[in-house]
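The UniProt record's numbering applies: residue 1 is where the sequence shown begins, and numbers increase by one.
Please read the structure below before turning to the comments.
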Amino acid sequence: MEALYIEDNPIEQRLISLYMADMSIKLHLAGNGSDGLAIACKVLPAFIMMDMVIPDMDGETLLKLLKEDRQLQDIPVIIMTADLLIDKKVDVFGLGATGCLIKPVSKSDIAGILRQLF
1 MEALYIEDNP IEQRLISLYM ADMSIKLHLA GNGSDGLAIA CKVLPAFIMM DMVIPDMDGE
61 TLLKLLKEDR QLQDIPVIIM TADLLIDKKV DVFGLGATGC LIKPVSKSDI AGILRQLF
């Protein structure tokens, strides 16, 4: 199984990379929205995890672009954010997100969502 993580923080990237390796999931990393969109189109991952605050476009815009693309629209997207008030700012589920986790995220948090999805 392959996944994509769109996150600009290298510490978060490394942590999630370790979690995915422990779960035998091949992880692709993108540090901004444009790269994330390009990698998603190329790889067609089983699922996408993304932060809402990333360079070059906001997470809301990226989520809309992912869900408007015919080849990407059915890929589950898990929002991973440190913003406890995300539901006050953006309705991520209304935009098409499958799940939302509040950072810091544990391996068991991700595994729980993946069990529901797959």
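Cβ atoms here follow ideal geometry from the backbone N, Cα and C, with glycine treated the same way.
Once the 5 residues before and after residue i are set aside, which same chain residues still bring their CB inside 6 angstroms of it?
i, result
"M1", "I25 and A46"
"M49", "Y5, I78 and M80"
"H28", "L4, I39 and V43"
"K67", "Q73 and G96"
"G33", "I54, D56, M57 and L62"
Using DSSP with H/G/I as helix, E/B as strand and the rest coil, what is residue i?
i, result
"E2", "strand"
"A38", "helix"
"M20", "helix"
"A30", "strand"
"D51", "coil"
"G112", "helix"
"K88", "Because K88 carries a pLDDT of 49, less than 50, the predicted location of this residue cannot be relied on, and no value is offered for it."
"L72", "coil"
"I102", "strand"
Between which residues of its own chain and residue i is the CB-CB distance below 8 angstroms, once the five residues before and five after are set aside?
i, result
"I113", "I78, T98, G99 and L101"
Return the bridge partner residues of residue i from the DSSP annotation.
i, result
"V77", "I48"
Give me, in chain order, the residues of the same chain whose beta-carbon lies closer than 7 angstroms to that of residue i; leave out the 5 immediate sequence neighbours on both sides.
i, result
"residue 119", "Only positions 1 to 118 of the chain appear in the structure, and residue 119 is not among them; the question remains open."
How far does the beta strand (DSSP E) with residue i in it reach, from first residue to last?
i, result
"G59", "Premise fails: G59 lies in the alpha helix (DSSP H), G59 to E68, not in any beta strand (DSSP E)."
"L95", "Unbroken run through L95: none, as it is neither H nor E."
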